[in-house]
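Just so you know, we're using our numbering here: the sequence shown kicks off at 99 and counts up by one.
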Amino acid sequence: MALPAPLPPPPRRALGTRLQLSDEAAARIRELIMDGRVRPGDYLRLERLAMEFGISVTPVREALKTLRSEGFVVLEPRRGFVVAPLSKRDVQDLFWVQAGIAAELAARAVPRIGPAALRELDGLRLGLERAMAARRPDLMEDGNHRFHRKINLAAGSPKLAWSLGTAARYVPRGLYGRLAGWPDLAVRDHALILAALRDGDPRAAAREMRAHIVQAGELLVAHLERRGMWREEHSGGALT
(Lines of atoms letter the chains of each structure in order from A; the text may use other names.)
(Lines give C-alpha, C1' and ligand atoms only; values in the text may rest on other atoms or scores of the structure.)
Protein backbone atom coordinates (compact mmCIF):
# COMPACT_ATOMS: atom_id res chain seq x y z
CA MET A 99 0.00 0.00 0.00
CA ALA A 100 1.45 3.36 -1.01
CA LEU A 101 1.43 6.03 1.65
CA PRO A 102 1.69 9.83 1.24
CA ALA A 103 5.07 11.51 1.05
CA PRO A 104 6.69 12.44 4.37
CA LEU A 105 5.59 15.61 6.07
CA PRO A 106 8.10 18.47 5.89
CA PRO A 107 10.45 18.74 8.87
CA PRO A 108 9.21 21.14 11.56
CA PRO A 109 10.94 24.52 11.97
CA ARG A 110 13.18 24.74 15.01
CA ARG A 111 11.54 26.01 18.19
CA ALA A 112 8.36 26.91 16.30
CA LEU A 113 5.43 27.68 18.57
CA GLY A 114 2.60 25.18 18.07
CA THR A 115 4.67 22.87 15.86
CA ARG A 116 3.34 19.73 17.53
CA LEU A 117 -0.25 20.81 17.00
CA GLN A 118 0.47 21.64 13.35
CA LEU A 119 2.09 18.26 12.74
CA SER A 120 -0.81 16.52 14.47
CA ASP A 121 -3.32 18.33 12.24
CA GLU A 122 -1.33 17.47 9.12
CA ALA A 123 -1.01 13.84 10.15
CA ALA A 124 -4.76 13.67 10.83
CA ALA A 125 -5.42 15.06 7.34
CA ARG A 126 -3.13 12.44 5.79
CA ILE A 127 -4.82 9.60 7.65
CA ARG A 128 -8.28 10.89 6.71
CA GLU A 129 -7.13 10.81 3.11
CA LEU A 130 -5.92 7.21 3.47
CA ILE A 131 -9.32 6.22 4.84
CA MET A 132 -11.51 8.21 2.46
CA ASP A 133 -9.43 7.08 -0.54
CA GLY A 134 -9.86 3.43 0.44
CA ARG A 135 -6.14 2.83 0.95
CA VAL A 136 -6.87 1.65 4.48
CA ARG A 137 -10.19 0.02 5.21
CA PRO A 138 -12.54 -0.63 8.11
CA GLY A 139 -10.94 -3.07 10.52
CA ASP A 140 -7.37 -2.27 9.48
CA TYR A 141 -4.94 -1.71 12.35
CA LEU A 142 -3.02 1.57 12.17
CA ARG A 143 0.52 1.17 13.49
CA LEU A 144 1.78 4.37 15.07
CA GLU A 145 5.43 3.60 14.36
CA ARG A 146 4.80 2.84 10.68
CA LEU A 147 2.74 5.97 10.15
CA ALA A 148 5.34 8.09 11.94
CA MET A 149 8.09 6.64 9.74
CA GLU A 150 6.14 7.18 6.53
CA PHE A 151 5.19 10.74 7.49
CA GLY A 152 8.72 11.57 8.65
CA ILE A 153 7.63 12.68 12.12
CA SER A 154 7.69 11.33 15.66
CA VAL A 155 5.10 9.01 17.15
CA THR A 156 3.65 11.69 19.45
CA PRO A 157 1.85 13.84 16.82
CA VAL A 158 0.64 10.66 15.10
CA ARG A 159 -0.89 9.48 18.37
CA GLU A 160 -2.52 12.90 18.86
CA ALA A 161 -3.82 12.76 15.29
CA LEU A 162 -5.39 9.35 15.89
CA LYS A 163 -7.03 10.64 19.07
CA THR A 164 -8.56 13.46 17.02
CA LEU A 165 -9.75 11.00 14.39
CA ARG A 166 -11.24 8.85 17.14
CA SER A 167 -13.33 11.81 18.31
CA GLU A 168 -14.48 12.30 14.70
CA GLY A 169 -15.47 8.66 14.32
CA PHE A 170 -12.79 7.72 11.79
CA VAL A 171 -10.98 5.28 14.08
CA VAL A 172 -11.76 3.31 17.21
CA LEU A 173 -9.44 2.26 20.04
CA GLU A 174 -9.66 -1.47 20.64
CA PRO A 175 -8.19 -3.26 23.70
CA ARG A 176 -4.88 -4.98 22.97
CA ARG A 177 -5.01 -3.85 19.33
CA GLY A 178 -4.78 -0.07 19.42
CA PHE A 179 -6.25 2.22 16.80
CA VAL A 180 -8.36 0.54 14.13
CA VAL A 181 -10.17 2.08 11.16
CA ALA A 182 -13.84 2.44 12.11
CA PRO A 183 -16.67 1.02 10.00
CA LEU A 184 -17.53 3.22 7.01
CA SER A 185 -20.56 2.27 4.96
CA LYS A 186 -21.84 3.61 1.68
CA ARG A 187 -24.57 5.36 3.61
CA ASP A 188 -21.97 6.99 5.84
CA VAL A 189 -20.21 8.49 2.81
CA GLN A 190 -23.50 9.60 1.27
CA ASP A 191 -24.56 11.16 4.57
CA LEU A 192 -21.33 13.17 4.79
CA PHE A 193 -22.08 14.68 1.40
CA TRP A 194 -25.77 15.10 2.20
CA VAL A 195 -24.80 17.32 5.14
CA GLN A 196 -22.36 19.31 3.02
CA ALA A 197 -24.90 19.66 0.21
CA GLY A 198 -27.58 21.04 2.50
CA ILE A 199 -25.35 23.66 4.06
CA ALA A 200 -23.70 24.65 0.77
CA ALA A 201 -27.10 24.98 -0.90
CA GLU A 202 -28.28 27.38 1.79
CA LEU A 203 -25.09 29.43 1.51
CA ALA A 204 -25.53 29.65 -2.26
CA ALA A 205 -29.10 30.86 -1.84
CA ARG A 206 -28.02 33.48 0.70
CA ALA A 207 -25.23 34.64 -1.60
CA VAL A 208 -27.62 35.55 -4.44
CA PRO A 209 -28.87 38.92 -3.13
CA ARG A 210 -25.45 39.86 -1.76
CA ILE A 211 -23.08 39.00 -4.58
CA GLY A 212 -22.11 41.85 -6.86
CA PRO A 213 -20.81 42.26 -10.43
CA ALA A 214 -17.14 42.17 -9.37
CA ALA A 215 -17.58 38.89 -7.51
CA LEU A 216 -19.49 37.41 -10.44
CA ARG A 217 -16.65 38.36 -12.78
CA GLU A 218 -14.18 36.70 -10.42
CA LEU A 219 -16.29 33.56 -10.32
CA ASP A 220 -16.42 33.52 -14.10
CA GLY A 221 -12.64 33.81 -14.20
CA LEU A 222 -12.36 30.85 -11.84
CA ARG A 223 -14.77 28.90 -14.02
CA LEU A 224 -12.64 29.57 -17.10
CA GLY A 225 -9.52 28.65 -15.14
CA LEU A 226 -11.14 25.36 -14.24
CA GLU A 227 -11.74 24.62 -17.91
CA ARG A 228 -8.13 25.45 -18.78
CA ALA A 229 -6.82 23.26 -15.96
CA MET A 230 -8.96 20.36 -17.16
CA ALA A 231 -7.68 20.79 -20.72
CA ALA A 232 -4.13 20.79 -19.36
CA ARG A 233 -4.88 17.69 -17.26
CA ARG A 234 -3.89 19.45 -14.06
CA PRO A 235 -6.16 18.07 -11.31
CA ASP A 236 -4.13 19.98 -8.72
CA LEU A 237 -5.01 23.30 -10.36
CA MET A 238 -8.60 22.17 -10.74
CA GLU A 239 -8.85 21.43 -7.03
CA ASP A 240 -7.38 24.80 -6.16
CA GLY A 241 -9.81 26.58 -8.49
CA ASN A 242 -12.70 24.53 -7.18
CA HIS A 243 -11.85 25.49 -3.61
CA ARG A 244 -11.61 29.18 -4.49
CA PHE A 245 -14.90 29.10 -6.41
CA HIS A 246 -16.83 27.61 -3.51
CA ARG A 247 -15.09 29.78 -0.94
CA LYS A 248 -16.05 32.92 -2.86
CA ILE A 249 -19.71 31.93 -2.79
CA ASN A 250 -19.60 30.93 0.86
CA LEU A 251 -18.07 34.26 1.88
CA ALA A 252 -20.61 36.16 -0.21
CA ALA A 253 -23.41 34.57 1.82
CA GLY A 254 -22.43 36.66 4.85
CA SER A 255 -23.07 33.75 7.21
CA PRO A 256 -19.72 32.95 8.85
CA LYS A 257 -21.06 30.42 11.35
CA LEU A 258 -22.84 28.48 8.63
CA ALA A 259 -19.71 28.60 6.47
CA TRP A 260 -17.70 27.33 9.43
CA SER A 261 -20.13 24.42 9.79
CA LEU A 262 -19.62 23.58 6.12
CA GLY A 263 -15.85 23.66 6.56
CA THR A 264 -16.13 21.27 9.49
CA ALA A 265 -18.19 18.82 7.43
CA ALA A 266 -16.01 19.19 4.34
CA ARG A 267 -12.78 18.28 6.10
CA TYR A 268 -13.91 14.65 6.13
CA VAL A 269 -13.02 14.62 2.43
CA PRO A 270 -9.47 16.00 2.21
CA ARG A 271 -8.46 18.27 -0.65
CA GLY A 272 -6.46 16.32 -3.18
CA LEU A 273 -8.97 13.48 -3.28
CA TYR A 274 -11.42 14.95 -5.78
CA GLY A 275 -8.80 15.06 -8.52
CA ARG A 276 -8.51 11.28 -8.35
CA LEU A 277 -12.23 10.65 -8.81
CA ALA A 278 -13.19 9.47 -12.28
CA GLY A 279 -15.64 11.95 -13.79
CA TRP A 280 -15.03 14.74 -11.29
CA PRO A 281 -13.31 17.20 -13.70
CA ASP A 282 -16.26 17.09 -16.11
CA LEU A 283 -18.69 17.36 -13.21
CA ALA A 284 -16.91 20.39 -11.76
CA VAL A 285 -16.74 22.27 -15.07
CA ARG A 286 -20.39 21.59 -15.91
CA ASP A 287 -21.82 22.31 -12.47
CA HIS A 288 -19.82 25.46 -11.81
CA ALA A 289 -21.29 26.93 -15.00
CA LEU A 290 -24.81 26.06 -13.83
CA ILE A 291 -24.23 27.49 -10.35
CA LEU A 292 -22.80 30.69 -11.78
CA ALA A 293 -25.73 31.05 -14.17
CA ALA A 294 -28.16 30.83 -11.25
CA LEU A 295 -26.20 33.46 -9.32
CA ARG A 296 -26.21 35.78 -12.34
CA ASP A 297 -29.96 35.29 -12.79
CA GLY A 298 -30.54 36.27 -9.15
CA ASP A 299 -32.41 33.02 -8.53
CA PRO A 300 -31.75 31.71 -5.00
CA ARG A 301 -33.81 28.55 -5.50
CA ALA A 302 -31.89 27.61 -8.63
CA ALA A 303 -28.57 28.41 -6.96
CA ALA A 304 -29.45 26.15 -4.03
CA ARG A 305 -30.72 23.39 -6.33
CA GLU A 306 -27.62 23.39 -8.52
CA MET A 307 -25.24 23.53 -5.56
CA ARG A 308 -27.01 20.69 -3.77
CA ALA A 309 -27.00 18.48 -6.87
CA HIS A 310 -23.34 19.27 -7.49
CA ILE A 311 -22.18 18.12 -4.07
CA VAL A 312 -24.46 15.09 -3.88
CA GLN A 313 -23.13 13.91 -7.24
CA ALA A 314 -19.55 14.38 -6.03
CA GLY A 315 -20.43 12.08 -3.15
CA GLU A 316 -21.70 9.47 -5.59
CA LEU A 317 -18.42 9.68 -7.48
CA LEU A 318 -16.54 8.99 -4.26
CA VAL A 319 -18.80 6.01 -3.49
CA ALA A 320 -18.08 4.61 -6.96
CA HIS A 321 -14.35 5.21 -6.43
CA LEU A 322 -14.40 3.31 -3.15
CA GLU A 323 -16.41 0.49 -4.69
CA ARG A 324 -13.79 0.10 -7.40
CA ARG A 325 -11.16 -0.13 -4.68
CA GLY A 326 -13.12 -2.94 -3.06
CA MET A 327 -13.98 -0.98 0.08
CA TRP A 328 -17.16 -2.93 0.74
CA ARG A 329 -16.26 -6.39 -0.43
CA GLU A 330 -17.85 -8.86 1.92
CA GLU A 331 -14.72 -10.99 1.98
CA HIS A 332 -12.61 -8.17 3.43
CA SER A 333 -11.97 -9.13 7.05
CA GLY A 334 -9.54 -6.46 8.17
CA GLY A 335 -5.78 -6.34 8.23
CA ALA A 336 -2.99 -4.19 9.47
CA LEU A 337 -1.00 -1.27 8.24
CA THR A 338 2.37 -2.99 8.39
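Heads up, the beta-carbon is just placed ideally off N, CA and C, and yes, glycines get one too.
Legend entry - Residues that DSSP places opposite Gly178 in a beta bridge: Here Gly178 is bridged, per DSSP, to Glu174.
Inset, instruction - Please work out which residues of its chain come closer than 7 Å, Cβ to Cβ, to Met230, disregarding the five sequence neighbours upstream and downstream, and give them in chain order. - result: Counting only Cβ-Cβ distances below 7 Å, and skipping sequence neighbours, we find Met238, Pro281 and Val285.
Inset, instruction - In angstroms with no decimal places, state the Cα-to-Cα distance between Val181 and Arg210. - result: Rounded to the nearest angstrom, the two C-alpha atoms are 43 Å apart.
Legend entry - Neighbour-count burial assignment, Val213, 16 or more Cβ in a 10 Å radius: The sequence as given places Pro at residue 213; Val does not occur at that position. Looking at its Cβ environment, which holds fewer than 16 other Cβ atoms inside 10 Å, Pro213 is exposed.
Inset, instruction - Just mark Val155 as buried or exposed, buried being the case when its beta carbon has 16 or more other beta carbons within 10 Å. - result: Classification of Val155: exposed, given that the 10 Å Cβ count is below 16.
Legend entry - Proximity of Ala226 and Val269 at Cβ, strictly below 8 Å: Here the sequence assigns Leu to residue 226, which means Ala is not the residue at that position. Result no, Cβ atoms of Leu226 and Val269 do not sit closer than 8 Å.
Legend entry - Member of Thr264, Gly272 and Arg223 whose CA lies at the smallest distance from the CA of Ile339: Residue numbering for the chain in the displayed model covers 99 to 338; residue 339 lies beyond these limits and cannot be assessed.
Inset, instruction - Spatial neighbours of Leu386 within its chain, please: CB distance less than 6 Å, with the 5 preceding and 5 following residues excluded, ordered by chain position. - result: In the structure displayed, the chain extends from 99 to 338; residue 386 sits before or after that span and is not available.
Inset, instruction - Give a yes or no on whether the C-beta atoms belonging to Asp133 and Leu273 are separated by under 8 Å. - result: Contact flag set, yes.
Inset, instruction - Can you grab the Cα-Cα spacing for the pair Ala197 / Gly152, in whole Å? - result: Between Ala197 and Gly152, the C-alpha separation is close to 36 Å.
Inset, instruction - Give the range of the alpha helix (DSSP H) segment to which Val269 is assigned. - result: Per DSSP, Val269 is not a residue of any alpha helix (DSSP H), being assigned neither H nor E.
Inset, instruction - Decide if the segment 293 to 308 is in contact with the segment 190 to 206; the criterion is three or more beta carbon pairs, one per stretch, under 8 Å apart. - result: Contact annotation: the segment 293 to 308 touches the segment 190 to 206, with at least three C-beta pairs closer than 8 Å.
Inset, instruction - Compute the Euclidean distance between the alpha carbons of Leu277 and Glu174, then round it to the nearest angstrom. - result: If you draw a straight line from the Cα of Leu277 to the Cα of Glu174, it is about 32 Å long.
Inset, instruction - Can you tell me which of the three DSSP states Asp133 falls into? - result: If DSSP states are grouped into helix, strand and coil, Asp133 belongs with coil.
Inset, instruction - Return yes when the Cβ of Ala207 is within less than 8 Å of the Cβ of Ala252, no when it is not. - result: Their beta carbons are under 8 Å apart, which means Ala252 touches Ala207 by this criterion.
Inset, instruction - Pull up the distance between the alpha-carbon of Lys186 and that of Glu168, whole angstroms please. - result: Cα to Cα, Lys186 sits roughly 17 Å from Glu168.
Inset, instruction - Given a cut-off of 8 Å, decide if Leu216 and Leu295 are closer than it, judged by their beta-carbon atoms. - result: Yes, Cβ-Cβ distance for Leu295 and Leu216 is below 8 Å.
Legend entry - Inter-residue spacing [alpha-carbon to alpha-carbon] between Arg325 and Ala266: Arg325 and Ala266 have their alpha carbons spaced roughly 22 Å apart.
Legend entry - Top-ranked residue by Cα proximity to Phe245, from Leu262, Leu292, Gly263 and Gly279: Distances from the alpha-carbon of Phe245 to those of Leu262, Leu292, Gly263 and Gly279 put Leu292 closest.
Inset, instruction - Please report how far the alpha carbon of Phe179 lies from the alpha carbon of Thr264, in whole angstroms. - result: Rounded to whole angstroms, the separation of the alpha carbons of Thr264 and Phe179 is 23 Å.
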